[in-house]
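Residue numbers (my numbering), protein chains in the order written: chain A, 1 to 335; chain B, 1001 to 1335. Glycine included, each C-beta is placed from N, C-alpha and C at the ideal position. Values in this document were obtained by computation on a predicted structure and should not be read as measured data. Below is one structure, written out as structure tokens, with a few remarks after it.
Take a look at the structure:
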């Protein structure tokens, strides 16, 4: 019996059934249903560095929706909010290696980091050269002893796009890895939740949020934020999100930023565009020039209402790679 | 003070502020902020039939997100769930006419139909040839005396894509209009809501839906459906939506269908792909062949949770037009 307001069958089979739908809707991809891996159908691509990512499900279109020309060669899907296992990652890594090596793009969560590390070691033993970039862009997390560092959130989309473009252009493993590291070093994010999502297998919201409150600094699995505040106008929310980002890294000067306003799953596009306007206003006031933008729901947290803002410092090279053609289910231009 | 779980400022300014964001995020469009019209920057395009649509806001990305090469020349935005006024439509019609005439694509709601009719008459008086196609694909509405016919819902996206492609290829006004009519004649839709959206200026949900129920046959403004039923597995929901569609029109044979699973604003992509799998299963059982598919949130109802299914009978010509290049904020391929 369904007791959640979700379009699902058995809560235990949400991920595998959604993957069936992905495969049927996108014949240009190859889905290994048993191992929950989505491949670019042309992988391994001769002469190209392989790019692999993955993580818990529930963040769609990340990562599977970013598999295709100019972005990922493979994405490993864990259960909802659950890391993929090392064997999945190893299998994907071997499958996309064309002899030029493979880059792992990993969001900074202990389970993800461990699975990708183990897979990288095993792949190396079988002769596949693997490098790894751990994305940790969430400024909401204040470093403390015993924490495992910042979480990987919205910037992951930009790392996958830009590193994917570098690989597509035929750059070598060292260069592709360097590009991914530069993106991670120059990008910061923060998010806000208005409501909590519900993990299907749990059946109740991850956290309780009163009708009058929002959680500023939310994680994409509903991890607690920096503070719980009363609902505020979008203009104030934009400041709550951008001020800590600008306090953390200088985004003025240079070739401007890529500004990414991301919906967390339950927030409609009309609100995201309204938020983008507020973000643009705050950035203009702060002397930050927007070079490119992206508005939409690209890294979500089930049906959570809310959004995140990501800024990335760019340069000529990063902008060219951002503008380069991409053809995936969720991101597509220039082809 | 904000009392809704929305990323907005003053509820009265949601549409105009979202349009500011649209303009800033999409320099490839021209937004007439005062008249709330989004234009393709190259309009009027010499030798091309102009294609204009519009309607109440709250359904984003429809219609403004479909302005661009291969789709609409202009979209007129009303306030949330409120028809645009005749003057807006007239202005847009004149602006995109390059002497080859203009097609109006109108969803079948009395206010929309009236505004577009008045604008068409006034445009004709000033020498612009205008034709009109009223989209009425929602099988949830059972015809009764005194009703104004079926509502226009998901099929509108397909009419805009396919008629837009016909215009882009240089077909004349009569042919472009004919293509739009064929799409409307061969397409049917039905939707289901799990939750209600909230109109910002109203401040409370449009309808009440108990935690255990769903509304089958919902309209995109929260109009009542065919029946209120207990929540059911996605496999059953797919049958609830498709059975009335198949009972209304024969979709077997021919060149197959375009199957479109659409999110209503608050439902995440993972559920839409899961639903797509169920839709594909039901169609296979019914002997309906899927030629193309589209999965995502393209015509929404604010943050309503739920989805709609649209089927369109195709032929060689319609499939070629569907596959033709399109470059808009929300739909983009082949360019």
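Restricted to the segment 240-297 of chain A, the beta strand (DSSP E) segments that are unbroken, complete and at least 3 residues in length are 257-263 and 290-296, listed in chain order.
Secondary structure note for residue 191 of chain A: its beta strand (DSSP E) is the uninterrupted segment 187-193.
One finds nothing in chain B with a Cβ atom closer than 8 angstroms to the Cβ of residue 319 of chain A; even the nearest lies about 15 angstroms away.
Counting C-beta pairs closer than 8 angstroms gives fewer than three between the segment 1043-1051 of chain B and the segment 240-254 of chain A, which falls short of the contact rule. Assigned with DSSP and collapsed to three states, residue 304 of chain A falls in strand.
Taking the Cα positions, residue 1005 of chain B is about 13 angstroms away from residue 1202 of chain B. Within the segment 1321-1333 of chain B, 1327, 1329, 1330, 1332 and 1333 place their CB atoms closer than 9 angstroms to a CB of chain A, listed in sequence order.
When C-beta distances to chain B are compared with 7 angstroms, every residue of the segment 26-37 of chain A stays at or above that value. Residue-level contact check: residue 107 of chain A does not touch chain B, since none of the beta carbons of chain B fall below 7 angstroms from its beta carbon. In terms of Cα proximity to residue 181 of chain A, the closest of A:68, A:196, A:136 and A:239 is A:136. Going by beta carbons, residue 132 of chain A and residue 153 of chain A fall outside the 7 angstroms limit. For the segment 9-23 of chain A, the set of residues with a beta-carbon nearer than 7 angstroms to any beta-carbon of chain B comprises 9, 14, 17, 18, 20, 21 and 22, in chain order. With a threshold of 16 other beta carbon atoms within 10 Å, residue 315 of chain A falls short and is exposed.
The C-beta distance from residue 1048 of chain B to residue 1100 of chain B rounds to 6 angstroms, short enough to fall under 8 angstroms. Taken in chain order, the complete alpha helix (DSSP H) segments of 4 or more residues contained in the segment 1005-1084 of chain B are 1014-1025. Per the C-alpha coordinates, the member of B:1265, B:1308, B:1288 and B:1256 positioned closest to residue 1319 of chain B is B:1256.
Between the C-alpha atoms of residue 275 of chain A and residue 78 of chain A there is a straight-line separation of about 31 angstroms. Within chain B, 1007 have C-beta atoms less than 8 angstroms from the C-beta of residue 237 of chain A, given in sequence order. For residue 290 of chain A, the closest C-alpha among the options A:259, A:325 and A:235 is that of A:259. As summarised for the segment 81-138 of chain A, the continuous beta strand (DSSP E) elements at least 3 residues long and confined to that stretch are 102-107 and 130-135, given in chain order.
Counting only residues of its own chain and dropping the five nearest sequence neighbours on each side, residue 209 of chain A has a CB closer than 8 angstroms to the CB of 193, 194, 195, 196, 215 and 228. Taken in chain order, the members of the segment 293-305 of chain A whose beta-carbon sits within less than 7 angstroms of a beta-carbon on chain B are 293, 295, 300, 302, 303 and 305. Counted as a single uninterrupted DSSP element, the beta strand (DSSP E) harbouring residue 228 of chain A occupies residues 227-230. Residue 1183 of chain B carries a helical assignment under DSSP once its states are collapsed to helix, strand and coil.
Taking 7 angstroms as the cut-off between beta carbons, the residues of the segment 268-293 of chain A near chain B are 268, 269, 270, 271, 273, 274, 275, 276, 277, 280 and 293, in sequence order. The three-state secondary structure of residue 236 of chain A, taken from DSSP, is helix. Contact annotation for residue 86 of chain A against chain B: no contact, minimum CB-CB distance about 24 angstroms [criterion: below 7 angstroms]. Minimum Cα-Cα distance from residue 92 of chain A among the listed residues A:122, A:169 and A:264 corresponds to A:122. Fewer than three beta-carbon pairs drawn from the segment 1229-1247 of chain B and the segment 1289-1303 of chain B are found closer than 8 angstroms, and the two stretches are therefore not classed as touching. Taking a beta-carbon distance threshold of 7 angstroms, residue 1215 of chain B does not count as an interface residue toward chain A.
Within chain A, 7 have C-beta atoms less than 8 angstroms from the C-beta of residue 1307 of chain B, given in sequence order. Residues of the segment 43-62 of chain A with a C-beta less than 9 angstroms from any C-beta of chain B: 57, 58, 59, 60 and 61, listed in chain order. In this chain, residue 202 of chain A is not harboured by any alpha helix (DSSP H), its DSSP state being neither H nor E. The Cβ-Cβ distance between residue 189 of chain A and residue 57 of chain A does not fall below 7 angstroms.
Between the segment 278-285 of chain A and the segment 152-166 of chain A there are fewer than three inter-stretch CB-CB distances shorter than 8 angstroms, so the stretches are not counted as touching. In this chain, the alpha helix (DSSP H) harbouring residue 157 of chain A covers 155-168.
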